DNA sequence: AAGACGATGTAGCACTCGCTACATACTTGC
DNA sequence: GCAAGTATGTAGCGAGTGCTACATCGTCTT
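Chains as they are written, first to last, in my numbering: chain S, 2 to 191; chain R, 2 to 191.
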């Protein structure tokens with residue numbers, strides 16, 4: 002009755018971390034079966050065997066990556082409230098510089114592009130990752146913020162815009178925009 | 002001396018619009034030589050002949066698309082100043098709904114993903130498109146805006162963040178964020 | 001012990017990829 | 001008219017794609 006059967010040393014659960022490591026390093030565009038299999042120490046045959054098809058593998062992988070991203074966020078970010086919205090932004094943008102987060106940001110735009118083209122499995126993963134970030138933002142909002150929920154979404158919008166501009170080499174515009182929007186204080190016209 | 006030689010009916014200039022139409026419809030991911038050639042009424046052989054390599058073709062194509070995007074923006078957008086920053090955002094987001102602009106937004110995220118992976122030719126095209134949008138935004142800023150340049154960059158950041166959230170199906174968060182950020186008027190904490 | 005069954009390797013299929021070699025037009029300069 | 005060069009078609013190469021057929025190996029049940 003002891004269910005402690007040796008079990009195969011290879012399963013979805015043991016494969017996914019290795020596959021994730023590979024796509025974080027090399028991107029989803031290069032994620033074809035044979036390179037993935039090599040990275041996981043197995044064969045394309047086995048990947049199909051375990052996941053059924055490449056599409057299913059990618060969907061499982063994205064879902065795993067969303068969970069891994071959540072774990073990385075939890076591990077790397079504090080949960081103390083900030084004193085101002087500007088400080089919330091500063092914290093998350095500083096976080097974007099941390100080396101272990103950069104593969105996620107590189108991968109992120111491939112996921113967004115996949116969403117825009119309607120690829121299956123992409124939208125749920127993207128939404129899960131944004132949900133996670135939004136949760137963290139809400140927890141960071143200053144205690145005296147007049148609208149923590151709306152403010153968190155406002156900051157989320159700014160953050161993602163700034164990350165996109167940074168990705169294409171327009172980071173200076175993003176910084177100027179954040180300064181103009183956040184540091185203008187009460188003088189921001191509607 | 003009459004330079005009106007018949008000239009070949011096929012050249013980069015005549016091919017690029019047809020190639021652009023194809024990638025706008027089907028995405029950069031499906032942009033391999035044979036489908037592109039079919040869309041342009043020629044052969045892969047001829048594409049290589051005219052552009053030298055696929056990389057060069059993509060680079061030329063992205064540069065052409067950036068110019069086409071600028072032309073589409075000019076044609077579709079007015080140049081009258083808005084009365085408020087919120088109105089500027091409303092105009093550009095309404096523009097995003099216009100059918101002839103949607104292929105560009107779908108393509109946009111593939112370009113961003115290419116930038117994030119350092120693909121050659123992607124960053125200049127992305128920067129050109131953002132420069133164009135930024136120019137238009139600066140021209141739209143209200144006459145009484147205290148900081149038109151910074152404000153335009155601020156709005157650009159918000160717009161791109163909102164478009165990204167919309168692309169992944171998180172448009173509601175983006176709308177809530179814009180409302181919280183722009184409609185709060187002078188009560189926005191810094 | 002025998003058979004069933006899950007796990008894995010090997011080989012390969014039909015296809016697409018970017019690109020090239022070669023042959024052939026067609027136009028142009030003399 | 002003829003050589004030269006430019007433009008185009010055909011065929012194919014070697015590599016990579018997702019995926020499958022088949023054989024095998026090992027464990028587990030009975």
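For each residue, glycine too, the CB sits at the ideal point set by N, CA and C.
Please read these numbers as outputs of a predicted model, since none were measured by experiment.
Task: C-beta neighbour in chain R for residue 37 of chain S, strict 8 Å - done: The residue given as residue 37 of chain S occupies position 36 in the first chain. No, because no Cβ of chain R sits closer than 8 Å to the Cβ of residue 37 of chain S.
TODO: Just the chain R side, please: which residues come within less than 8 Å of residue 137 of chain S by C-beta, in chain order?
DONE: Position 136 of the first chain, counted from the first residue, corresponds to residue 137 of chain S. Result: empty, since nearest Cβ-Cβ is about 14 Å, beyond 8 Å.
TODO: Closer than 7 Å by beta-carbon distance: list the chain S residues that pair up with residue 128 of chain R, in chain order.
DONE: Working through the second chain from its first residue, we reach residue 128 of chain R at position 127. Near residue 128 of chain R (Cβ distances below 7 Å), the residues of chain S are 169, 170 and 171.
Open item on the list: Just verifying my parser: in three-state terms, what is the DSSP assignment at residue 113 of chain S?
Closed with: One-based indexing of the first chain puts residue 113 of chain S at position 112. Note: residue 113 of chain S maps to helix in three-state DSSP.
Task: Where the alpha helix (DSSP H) containing residue 61 of chain R begins and where it ends - done: Here residue 61 of chain R corresponds to residue number 60 of the second chain, with the count starting at 1. Counting along the chain, the alpha helix (DSSP H) containing residue 61 of chain R begins and ends at 55-77.
Open item on the list: Closest to residue 26 of chain R by C-alpha separation, out of R:71, R:105 and R:79, would be which residue?
Closed with: As a working note, residue 26 of chain R is residue 25 in the second chain. For residue 26 of chain R, the nearest C-alpha among the options comes from R:105.
Task: Buried versus exposed, by CB contacts within 10 Å (16 or more), residue 184 of chain S - done: As a working note, residue 184 of chain S is residue 183 in the first chain. So residue 184 of chain S ends up on the exposed side.
Open item on the list: Assuming the contact rule is C-beta atoms closer than 8 Å, residue 162 of chain S and residue 98 of chain R should be a hit. Round their C-beta distance to whole Å, please.
Closed with: Within the first chain, residue 162 of chain S is the residue found at index 161, counting from 1. Within the second chain, residue 98 of chain R is the residue found at index 97, counting from 1. Not confirmed; about 19 Å, so no contact.
Open item on the list: Let me confirm a value: residue 50 of chain S is counted as buried when at least 16 other C-beta atoms fall within 10 Å, else exposed. Which label applies?
Closed with: Against the first chain, residue 50 of chain S aligns to sequence position 49. With fewer than 16 other Cβ atoms within 10 Å, it is exposed.
- [ ] Please list the residues of the segment 96-122 of chain R that have a C-beta atom closer than 7 Å to any C-beta atom in chain S, keeping them in chain order.
- [x] 107, 110, 111, 113, 114, 116, 117 and 118
Open item on the list: On a Cα-Cα basis, can you pick out the residue from R:85, R:84 and R:70 that is closest to residue 78 of chain R?
Closed with: Counted from its first residue, the second chain places residue 78 of chain R at position 77. Ranking the options by Cα distance to residue 78 of chain R, first place goes to R:70.
TODO: Just list the alpha helix (DSSP H) runs in the segment 106-170 of chain S, keeping only unbroken ones of 4 residues or longer that don't cross its boundaries, in chain order.
DONE: 123-141 and 149-168
Task: Buried versus exposed, by CB contacts within 10 Å (16 or more), residue 31 of chain R - done: The residue you call residue 31 of chain R lines up with position 30 of the second chain. Counting Cβ neighbours within 10 Å, residue 31 of chain R comes out exposed, since fewer than 16 surround it.
TODO: Could you name the residues of chain R that residue 160 of chain S contacts, counting a contact when the two beta carbons are closer than 8 Å?
DONE: Position 159 of the first chain, counting from 1, holds the residue named residue 160 of chain S. The contacting residues are 162.
TODO: Could you tell me whether the Cβ of residue 11 of chain R comes closer than 8 Å to any Cβ of chain S?
DONE: Against the second chain, residue 11 of chain R aligns to sequence position 10. Judged by the 8 Å Cβ criterion, residue 11 of chain R is not in contact with chain S.
Open item on the list: For residue 126 of chain R, tell me which candidate among S:88, S:86 and S:170 has the shortest Cα-Cα distance.
Closed with: Taking the first residue of the second chain as position 1, residue 126 of chain R is located at position 125. Among S:88, S:86 and S:170, the Cα nearest to that of residue 126 of chain R belongs to S:170.
Open item on the list: For a test of the three-state rule: what should DSSP assign to residue 31 of chain S, helix, strand or coil?
Closed with: Looking up residue 31 of chain S in the first chain gives position 30. In the structure shown, residue 31 of chain S sits in coil (DSSP, three-state: anything other than H, G, I, E or B).
Task: Nearest-angstrom Cα separation, counted from residue 39 of chain S out to residue 82 of chain R - done: To locate residue 82 of chain R, count along the second chain from 1; it is residue 81. To locate residue 39 of chain S, count along the first chain from 1; it is residue 38. Approximately 57 Å between the Cα atoms of the pair.
- [ ] Determine whether the Cβ of residue 157 of chain R lies closer than 8 Å to any Cβ atom of chain S.
- [x] Indexing the second chain from 1 puts residue 157 of chain R at position 156. Chain S, which has a Cβ nearer than 8 Å to the Cβ of residue 157 of chain R, makes this yes.
TODO: Closer than 8 Å by beta-carbon distance: list the chain S residues that pair up with residue 131 of chain R, in chain order.
DONE: Numbered from 1 along the second chain, position 130 holds the residue referred to as residue 131 of chain R. Under the 8 Å cutoff, chain S gives 166, 169, 171 and 174.
Open item on the list: If contact is defined by three or more beta carbon pairs under 8 Å, each pair taking one atom from either stretch, is the segment 84-101 of chain R in contact with the segment 143-159 of chain R?
Closed with: yes
Task: Nearest-angstrom Cα separation, counted from residue 33 of chain R out to residue 149 of chain S - done: Taking the first chain and counting its residues from 1, the one referred to as residue 149 of chain S is at position 148. Taking the second chain and counting its residues from 1, the one referred to as residue 33 of chain R is at position 32. If you take the alpha carbons of residue 149 of chain S and residue 33 of chain R, they lie about 47 Å apart.
Open item on the list: At the 8 Å Cβ level, is residue 67 of chain R part of the contact set with chain S, yes or no?
Closed with: Reading the second chain from its first residue, position 66 is the one you call residue 67 of chain R. For residue 67 of chain R, the answer is no, since every Cβ of chain S falls outside 8 Å of its Cβ.
Open item on the list: Do residue 48 of chain R and residue 108 of chain R have their beta-carbon atoms positioned less than 8 Å apart in this structure?
Closed with: Position 107 of the second chain, counted from the start, is the residue given in the question as residue 108 of chain R. Position 47 of the second chain, counted from the start, is the residue given in the question as residue 48 of chain R. Not in contact: residue 108 of chain R and residue 48 of chain R (Cβ atoms no closer than 8 Å).
Open item on the list: With a threshold of 8 Å between beta-carbons, can residue 81 of chain S be considered close to chain R, or not?
Closed with: Locating residue 81 of chain S in the first chain gives position 80, counting from the first residue. So, not an interface residue.
- [ ] In angstroms with no decimal places, state the Cα-to-Cα distance between residue 23 of chain S and residue 100 of chain S.
- [x] For this step, residue 23 of chain S is matched to residue 22 along the first chain. For this step, residue 100 of chain S is matched to residue 99 along the first chain. Those two C-alpha atoms are separated by around 16 Å.
TODO: Output the distance between the C-alpha atoms of residue 19 of chain S and residue 42 of chain S, rounded to the nearest integer angstrom.
DONE: To locate residue 19 of chain S, count along the first chain from 1; it is residue 18. To locate residue 42 of chain S, count along the first chain from 1; it is residue 41. Near 9 Å, if we compare the C-alpha coordinates of residue 42 of chain S and residue 19 of chain S.
- [ ] Anything in chain S within Cβ reach of residue 154 of chain R, meaning under 8 Å, just list it in chain order.
- [x] Taking the first residue of the second chain as position 1, residue 154 of chain R is located at position 153. Within 8 Å Cβ-Cβ: 174, 175, 177, 178 and 181.
- [ ] Output, in sequence order along the chain, the residues in the segment 20-34 of chain R whose CB is closer than 8 Å to any CB in chain S.
- [x] 28 and 30
- [ ] Flag this pair as yes or no: are the beta carbons of residue 147 of chain R and residue 56 of chain R separated by less than 8 Å?
- [x] Translated into positions along the second chain, residue 147 of chain R becomes position 146. Translated into positions along the second chain, residue 56 of chain R becomes position 55. No; because the gap between Cβ atoms is not below 8 Å, this pair is not in contact.
Task: Proximity of residue 61 of chain R and residue 17 of chain R at Cβ, strictly below 8 Å - done: The residue labelled residue 61 of chain R in the question sits at position 60 within the second chain. The residue labelled residue 17 of chain R in the question sits at position 16 within the second chain. Against a cut-off of 8 Å, the Cβ pair of residue 17 of chain R and residue 61 of chain R comes out as a contact.
Task: chain R within 8 Å of residue 151 of chain S, Cβ atoms only - done: Reading the first chain from its first residue, position 150 is the one you call residue 151 of chain S. Closer than 8 Å: yes.
- [ ] Report the option in R:102, R:36 and R:85 whose CA atom is closest to the CA atom of residue 67 of chain R.
- [x] Mapped onto the second chain, residue 67 of chain R falls at position 66. Residue 67 of chain R has its Cα closest to that of R:102, out of R:102, R:36 and R:85.
Task: Nearest-angstrom Cα separation, counted from residue 76 of chain R out to residue 15 of chain R - done: If you number the second chain from 1, residue 15 of chain R lands on position 14. If you number the second chain from 1, residue 76 of chain R lands on position 75. Rounded to whole angstroms, residue 15 of chain R to residue 76 of chain R spans 21 Å at the Cα level.
Open item on the list: How far does the alpha helix (DSSP H) with residue 178 of chain S in it extend, from its first residue to its last?
Closed with: Taking the first chain and counting its residues from 1, one reaches residue 178 of chain S at position 177. Looking at the DSSP string, the run of the alpha helix (DSSP H) that includes residue 178 of chain S is 172-183.
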